[in-house]
DNA sequence: CTTCTGACA
DNA sequence: TGTCAGAA
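Residue numbers (the working numbering): 71 to 191.
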């Protein structure tokens with residue numbers, strides 16, 4: 071990991087700063103942490119300290135939410151990202167994997183846990 | 001004053 | 001998700 075990535079992953083902001091920077095409530099920010107979408111560190115006083123990376127993810131989450139994607143969908147999007155990274159490292163990506171990822175990406179674009187296909191538009 | 005955890009009229 | 005309490 072280079073210095074640039076190191077700085078972006080350095081936890082330095084208290085939740086208050088993150089709230090003003092992302093327009094999210096403390097409740098939401100903590101909830102997304104429970105959903106393992108971000109992993110802020112804790113300081114000596116058990117206060118959460120966020121990094122620029124955490125803020126970027128929070129901002130992305132806010133955009134997905136604005137597009138109408140629910141938590142289940144957002145989680146899947148990040149799960150797919152993890153798989154993509156793993157595949158890049160081991161170049162184990164087959165044509166069939168690509169097809170499946172694109173398929174899931176489409177489904178994730180709008181919530182999944184919804185009943186029928188009646189909510190496409 | 002700011003943040004944390006847990007809980008729910 | 002909001003919000004309130006009690007503690008740190």
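C-beta: ideal position from N, C-alpha, C; glycine also.
| Check | Outcome |
| --- | --- |
| Paired residues, beta bridge with residue 120 - DSSP | 83 |
| Same chain, Cβ closer than 7 Å to residue 108, neighbours up to 5 away in sequence not counted | 102, 124, 127, 128 |
| Buried or exposed (CB count within 10 angstroms, at least 16 for buried), residue 212 | Nothing can be reported for residue 212: it is not among the residues displayed for the chain, which extend from 71 to 191. |
| Assigned exposure category for residue 76 - 16 Cβ within 10 Å defines buried | exposed |
| Burial state of residue 143, where buried means 16 or more other Cβ atoms lie within 10 Å | buried |
| Residue 111, DSSP secondary structure in three states | strand |
| Through-space distance from residue 155 to residue 120, alpha-carbon basis | 23 Å |
| For residue 98, three-class secondary structure by DSSP | helix |
| Integer-rounded CB distance, given that residue 81 should sit under 8 Å from residue 110 | 6 Å |
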